[in-house]
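Chemist: Each residue of the sequence shown is one higher than the one before, counting from 904 in my numbering.
Mind looking over this structure? Questions follow.
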Amino acid sequence: MRISSLFNIIKSKASVLNSLTKRFYSHVQSLTKMADEKEFSVEAPWGKIRGVTWGNPSHPPVLVVHGKLDVCTGFRPLIKLLPTSFYYVAIDLPGNGRSDHLPRGVRYTVFDLVPAVEVVKKRFGWDRFIYMGHSLGALIGDITRVVELDPVPAHHTWPTTREAMRAWYQVYYGSYEETKYKKFHGTPETAPKYTYEKAQQLMMASRNMTKEASAQVLERCLSQLGMGCTGIFTYDQRMKEVTVLPFSGELLRKIYTSATTPTFAVIAQAEIDRKMYETCEFLQNRDGSHDVHVYNPQCLAEDVAKFLLEHFKAKL
C-alpha cells in the first residue's frame, strides 16, 4: 500500500513520531469517533463511479483508491484506525466493485483510469487533496500527479529497445485473440457461478487474506443471482490485464522524484523478499504481504496517521 508514489519517500520526517504528535493523536482518537460510513455515486461520461466516505466533509479530503480487482471497502479496516480529522473518500475504480464498467470493446490501460480521479475531484470541488493508493491505485495517483496536479519537466528520451517493445506488446496485446476477447467481454450469463463460501475460499487463497478481511471485499464484488445461493464476481474481466507502458526503471525514477509532493510509501515485507527493491532504503520493516492493510492494518496505521498529521495542516 502506497500513499502517492513509491520512490519519493520523505525521510526527514517519516522516521520518527515526536512525542507531542503521538500524545495529541492518542488524545484525539480517544475523544472522537469516525463518522458513519456513507455510500455515494458520481456521474462520469461512461457511467457511475460509486464508493464510500468516512468523516466530516468539512475536513481536509483524502481520496482513497484501491488496486487491481479490488474494492473501496478493502480500506475500511485501516481507515477506522486513522485520525478523524480528515474526510476519507474511497472509490470503486471503473470495472470494480459497484462502479460501472468502461465502454466495451477495448482494453483497459492505467491511463484510462486517471479520469476517474479527475471526475471525483471535480464532483467534490477540491482544489487540493491527499491521495492514498494501493498497488495499481498508487500508480494511478502517480500519473494523475504528473499530468494534472504537479507537472514535471518533459522527458524526451525513452530508453527501451526493439526487443523490449516487442516483448511488452506480446504481453499486453499479442495474446488478445478471439478466445480471450470473448472471455474479457462475456456477459453475466456466461460468467462462472460461485457460492459465497467458495468465493471466499478463492479470495483468501489468491490474496493471502483472513476470512474477516475477505468479507470486507466480497460485500462489493460478489453479486447474488436471484433467490439462489450462488453469485458472480462483478469485476470487469479486462481489469485482470491493465496495460502499462514499458517505462524503464530509470525513467520512472526521474518522473517520480521530480515531483515536489510529500510522499510516504509502505511496501510489505513479502514484496521486499522478492528482491524487487534491492536498491531502496527502508526506514522501518513490517511483516506482511501485498494486502496487509486489509488483514493487519494495525502494523501501519500509526505511521500513516503520523504522516497525515505532520505533513498536512488538518483542522484538528
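Where a beta carbon is used, it is the ideal one built from N, C-alpha and C, also for glycine.
Keep in mind the model is a prediction, meaning the values are calculated, not measured.
Is the number of C-beta pairs between the segment 1105–1115 and the segment 1142–1162 that are closer than 8 Å three or more?
Modeler: no
Chemist: Return the chain-ordered list of same chain residues with a C-beta closer than 8 Å to the C-beta of K1114, the five sequence neighbours on each side being excluded.
Modeler: Q1103 and M1107
Chemist: Among residues of its own chain, excluding the 5 on either side of V1207, which ones have a beta-carbon nearer than 6 Å to its beta-carbon?
Modeler: none
Chemist: The alpha helix (DSSP H) spanning R1123 covers which residue range?
Modeler: K1114 to C1124
Chemist: Decide yes or no for the touch test of the segment 1067–1074 against the segment 999–1007: beta carbon pairs closer than 8 Å, at least 3 of them.
Modeler: no
Chemist: Count the other CB atoms, across all protein chains shown, that sit within 10 Å of the CB of L1212; report buried if there are 16 or more and exposed otherwise.
Modeler: It counts as buried.
Chemist: DSSP beta-bridge partners for R1069?
Modeler: R1069 pairs with nothing; no bridge assigned.
Chemist: Do we get a CB-CB distance below 7 Å when we pair L1105 with the residues of chain C?
Modeler: In the structure shown, chain C cannot be found, because there is only a single protein chain.
Chemist: Pop quiz: A1116 and Y1198 are said to be a contact at Cβ under 8 Å. What is the actual Cβ separation, rounded to whole angstroms?
Modeler: Between Y1198 and A1116 the Cβ distance is about 4 Å, and since that is below 8 Å, they are a contact.
Chemist: Identify which residue in P980, V1009 and F1014 has its Cα closest to the Cα of L996.
Modeler: F1014
Chemist: I need the DSSP call for V945, collapsed to helix, strand or coil.
Modeler: strand
Chemist: Quick one: what's R1141 bridged to in DSSP?
Modeler: Paired residue(s): none; R1141 is not in a bridge.
Chemist: Tell me where the beta strand (DSSP E) around A993 begins and ends.
Modeler: Y990 to I994
Chemist: Any chance the segment 1085–1105 sits against the segment 940–955, with 3 or more Cβ pairs inside 8 Å?
Modeler: With a cut-off of 8 Å, the segment 940–955 and the segment 1085–1105 do not count as touching, because too few Cβ pairs lie within range.
Chemist: Do V968 and I1043 have their C-beta atoms closer together than 7 Å?
Modeler: yes
Chemist: Mind the definition here: the segment 1026–1043 touches the segment 951–965 only if three or more C-beta pairs lie below 8 Å; say whether that holds.
Modeler: yes
Chemist: Would a C-beta distance cut-off of 7 Å place Q1140 and F1210 closer than the cut-off?
Modeler: no
Chemist: Cα separation between E1153 and H1037?
Modeler: 22 Å
Chemist: Taking C-beta to C-beta, are D1194 and M1112 nearer than 7 Å?
Modeler: yes
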